[in-house]
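Taking it in order: structure first as structure tokens, then the write-up.
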Amino acid sequence: CASLNGVAYGGDWGTVPSSSSFSTLTCLTISNDRQASREEVAYSGIPLKQSDNLIEESDLDRLVLVGANNRRIPCQFEVLSRWAGPVTDTARAIRWVQIAIPLVIGGN
Numbered sequence: 038c039a040s041l042n043g044v045a046y047g048g049d050w051g052t053v054p055s056s057s058s059f060s061t062l063t064c065l066t067i068s069n070d071r072q073a074s075r076e077e078v079a080y081s082g083i084p085l086k087q088s089d090n091l092i093e094e095s096d097l098d099r100l101v102l103v104g105a106n107n108r109r110i111p112c113q114f115e116v117l118s119r120w121a122g123p124v125t126d127t128a129r130a131i132r133w134v135q136i137a138i139p140l141v142i143g144g145n
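Here the numbering used here is used: the first residue of the sequence shown is 38, the next is one more, and so on.
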């Protein structure tokens with residue numbers, strides 16, 4: 038991900054992950070197309086592989102948003118869909134999650 042923020046899997050919430058304690062699932066770029074700074078919540082959908090084996094809602098606690106210098110960025114995840122079943126079927130692996138990131142982003 039270079040200097041981009043990435044969504045990672047693994048580690049404990051109380052620690053800043055080292056590069057060996059998490060695997061990158063995806064990279065996100067957040068930008069402001071306006072001149073003025075903005076305080077907003079950014080949303081994105083993130084696909085997960087079935088082999089990631091995230092089943093329970095509590096498994097989302099192991100997903101973190103990691104910024105520059107392995108700094109954790111506060112965010113929330115919500116299950117959007119599951120593999121081969123409805124979102125309510127908690128026996129199925131999670132297929133898509135939504136990430137919500139509250140942030141203040143400077144003008145361009």
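We put the beta carbon where it would ideally sit given N, CA and C, even for glycine.
- DSSP places residue 99 in the helix class (H, G or I) of the three-state scheme.
- Ranking 72, 136 and 119 by CA distance to the CA of residue 88 puts 119 first.
- The bridge partners DSSP lists for residue 79 are 138.
- Judged by their CB atoms, residue 137 and residue 112 are nearer to each other than the 8 angstroms cut-off.
- Judged by DSSP in its simplified three-state form, residue 113 adopts strand.
- Rounded to the nearest whole angstrom, the C-alpha separation of residue 75 and residue 102 is 20 angstroms.
- In this structure, residue 79 places its C-beta atom within 8 angstroms of the C-beta atom of residue 140.
- Annotation for residue 60: the continuous beta strand (DSSP E) segment containing it runs 60-65.
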